[in-house]
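See below for the structure under consideration.
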Amino acid sequence: MQFIAWILKIFFSLLGLVFVLGTLSILLVSLLFGVLWSLIRGRKPEVAVVWQRYQDMAKNKAPFGTWAGNKPSLDEVVDVEAREVPPPSKTQDQLPR
Numbered sequence: 008m009q010f011i012a013w014i015l016k017i018f019f020s021l022l023g024l025v026f027v028l029g030t031l032s033i034l035l036v037s038l039l040f041g042v043l044w045s046l047i048r049g050r051k052p053e054v055a056v057v058w059q060r061y062q063d064m065a066k067n068k069a070p071f072g073t074w075a076g077n078k079p080s081l082d083e084v085v086d087v088e089a090r091e092v093p094p095p096s097k098t099q100d101q102l103p104r
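Residues 8 to 104 (the numbering used here) make up the sequence shown, in order.
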């Protein structure tokens, strides 16, 4: 009985190893295909773009403020178009029947 248990342990260990290696090889081939496709198109790989956006978002939305060296510049000028809003008329306040 112990011999059969030992054989089953080896069998399932090898089966798990084949599964892990197969999954890793599929991921590696997918990664290489993505990099080659990006080189053909002349763009950055999509993983690099997503990672860069995540890092930019994390810097801008720091939960406890920013580091002392990353103070926002006060030189930015924001143009805003201001328009006067007319007072609502009585006809606009009523719902159509």
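Yeah, the Cβ is synthetic: ideal placement off N, Cα and C, and Gly gets one too.
Residue i to residue j, Cα distance in whole Å?
i: valine 92; j: alanine 65; result: 37 angstroms
i: leucine 24; j: phenylalanine 10; result: 21 angstroms
i: tyrosine 109; j: proline 52; result: With the chain running from 8 to 104 in the structure shown, residue 109 is simply not present.
i: isoleucine 14; j: valine 27; result: 20 angstroms
i: alanine 55; j: glycine 29; result: 25 angstroms
i: proline 94; j: valine 85; result: 27 angstroms
i: alanine 89; j: valine 36; result: 55 angstroms
i: aspartate 63; j: isoleucine 33; result: 30 angstroms
i: serine 45; j: methionine 8; result: 55 angstroms
i: alanine 12; j: leucine 31; result: 28 angstroms
What span of residues does the alpha helix (DSSP H) with residue i cover, start to end?
i: methionine 64; result: 53 to 67
i: alanine 89; result: That residue, alanine 89, is in no alpha helix (DSSP H); it is neither H nor E in DSSP.
i: glycine 41; result: 9 to 48
I'd like to know whether the C-beta of residue i is nearer than 8 angstroms to at least one C-beta of chain C.
i: leucine 22; result: The structure shown contains no chain C, having only a single protein chain.
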